[in-house]
Amino acid sequence: MLFYGINEALQKGERVCIATPRTDVVLELAPRLQEVFPYIKVAALYGGSVDKEKDAVLVVATTHQLLRYYRAFHVMVVDEIDAFPYCADQMLQYAVKQAMKEKAARIYLTATPDETWKRKFRKGEQKGVIVSGRYHRHPLPVPLFCWCGNWKKSLNRERIPRILLQWLKMHLNKKYPVFLFVPHVRYIEEISSLLKSLHNKVEGVHAEDPMRKEKVAAFRKGEIPLLVTTTILERGVTVKNLQVAVLGAEEEIFSESALVQIAGRAGRSFEAPYGEVIYFHYGKTEAMVRAKKHIQGMNKNAKKQGMIN
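Just add 20 to wherever you are in the sequence shown, counting from 1, and you've got our numbering.
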């Protein structure tokens with residue numbers, strides 16, 4: 021979606037920055053952009069990164085890294101504007117403004133705008149475009165709801181709910197990569213250990229995991245078939261044929277926007293535009309229902325706009 025605009029800016033000799041709150045998104049986008057624009061150097065900047073080419077013409081950076089720039093970019097694209105910590109940190113929002121040239125083009129991207137953004141857009145106070153369809157012209161995967169009983173009780177007995185186990189087994193047998201989202205870091209080790217009975221290379225990952233970068237890279241390469249994760253990977257990861265499950269979808273951490281973002285991990289690639297998304301729960305919530313309606317609404321709009329085959 022961004023490639024044509026970036027190309028136009030680069031042809032004019034302008035500097036472009038794509039800023040995002042999450043390191044995982046930088047790691048996802050930088051190699052893809054380098055592939056599309058092989059004639060220039062794409063810099064990837066995040067906490068602890070070795071790539072320090074701060075003066076590159078195309079920079080992909082976490083919003084924290086923009087504190088290093090002043091009036092540097094002609095085009096500023098801020099991805100995932102509703103993601104933490106950017107959405108709650110005025111310093112980071114200021115850093116974005118300071119990194120832009122005075123008459124720079126500023127573009128905000130999000131799949132889940134908050135109510136303030138929606139209201140401004142409806143009133144015409146904020147210019148914007150709604151892109152309801154994906155580039156491959158297939159609908160967004162609509163999540164299924166599946167009651168799995170008292171999953172916390174099952175875990176206390178060192179068991180995974182049977183219905184979840186069957187679902188995981190089915191997709192692993194097909195050699196499909198799987199994300200299993202859980203509501204809290206405390207469940208990561210326990211669940212990934214229990215799931216090693218399905219495959220000995222199952223791994224878990226969370227925000228403070230020192231091996232997070234390596235595990236996500238191994239998952240992308242197909243070396244890890246199933247990754248148990250917190251909401252840290254709800255954004256910015258694209259893997260072909262990915263199947264997505266949420267355990268404990270009724271928990272408060274799984275807000276409407278989190279569930280929409282999680283569902284958005286499936287069906288992203290041109291070669292495999294479909295994927296299953298399933299919310300395993302011990303009681304349906306408003307957030308689950310709203311997330312499903314949100315996705316169905318996007319598909320309806322995409323059809324109206326002729327963006328779905």
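Here a beta-carbon is modelled for each residue, glycine too, at the ideal position from N, C-alpha and C.
This structure is a prediction, so every number in the text was calculated from the model and none was measured.
**OP:** Between the Cα of proline 5 and those of Leu129, Lys324, Ala278 and Asn319, spot the shortest distance and give me the residue it belongs to.
**Re:** In the structure as shown, the chain begins at 21 and stops at 329. Residue 5 is therefore absent and cannot be evaluated.
Original post:
What's the gap between the Cα of leucine 279 and the Cα of alanine 124?
Top reply: 33 Å
Original post:
Given a threshold of 16 other Cβ atoms within 10 Å of its Cβ, counted over all protein chains shown, does leucine 164 qualify as buried or as exposed?
Top reply: exposed
Original post:
With leucine 246 and leucine 188 assumed to form a contact (beta carbons below 8 Å), what rounded beta-carbon distance in angstroms separates them?
Top reply: 7 Å
Subject >> Residues that DSSP places opposite tryptophan 167 in a beta bridge >> reply: His301
Original post:
Does any C-beta atom of chain C lie closer than 8 Å to the C-beta of leucine 246?
Top reply: Here there is only one protein chain, and chain C is not present.
**OP:** Measuring alpha carbon to alpha carbon, tell me which of Val259, Gly242 and Pro133 ends up nearest glutamate 291.
**Re:** Val259
Original post:
Going straight from the alpha carbon of isoleucine 211 to that of glutamate 254, what length do you get?
Top reply: 18 Å
**OP:** Could you tell me whether the Cβ atoms of valine 297 and valine 257 are closer together than 8 Å?
**Re:** no
Original post:
When you compare only the Cα positions, how much space is there between asparagine 345 and lysine 195?
Top reply: The structure shown does not extend to residue 345, since the chain is modelled only from 21 through 329, so no value can be given for it.
Original post:
Hey, out of Arg88, Met21, Leu78 and Asn321, whose CA is closest to glutamate 34's CA?
Top reply: Leu78
Original post:
Between which two residues does the beta strand (DSSP E) harbouring valine 79 extend?
Top reply: 78-82
Original post:
So is histidine 204 buried or exposed if we call it buried at 16+ other beta carbons inside 10 Å?
Top reply: exposed
Subject >> Distance, glycine 242 Cα to lysine 235 Cα >> reply: 11 Å
Original post:
Do the CB positions of serine 277 and aspartate 109 come within less than 8 Å of each other?
Top reply: no
Original post:
Can you give the beta carbon distance from valine 56 to valine 95, rounded, assuming they're within the 8 Å contact cut?
Top reply: 16 Å between Cβ atoms; not a contact.
**OP:** Give the range of the alpha helix (DSSP H) segment to which arginine 139 is assigned.
**Re:** 135-143
Original post:
How about the stretch 133-153 and the stretch 173-186: do they share at least three Cβ pairs that are nearer than 8 Å?
Top reply: no
Original post:
Based on Cα-Cα distance, which residue from Phe199, Tyr89, Thr83 and Ile60 lies nearest to lysine 12?
Top reply: Beyond the ends of the chain as shown, which are 21 and 329, falls residue 12; an answer cannot be given.
Original post:
Relative to the C-alpha of leucine 49, which residue among Leu30, Glu28, Ala286 and Met21 is closest?
Top reply: Met21
Original post:
How far does the alpha helix (DSSP H) with glutamate 276 in it reach, from first residue to last?
Top reply: 276-283
Original post:
With a CB to CB cut of under 8 Å and the five nearest residues on each side skipped, what residues in its chain are close to lysine 140?
Top reply: Gln146
Subject >> Continuous beta strand (DSSP E) stretch holding leucine 200: start and end >> reply: 198-201
Subject >> leucine 262 - DSSP class collapsed to helix/strand/coil >> reply: coil
Original post:
What span of residues does the beta strand (DSSP E) with glycine 224 cover, start to end?
Top reply: 223-225
Original post:
Beta-carbon separation of histidine 301 and cysteine 168 under 8 Å?
Top reply: yes
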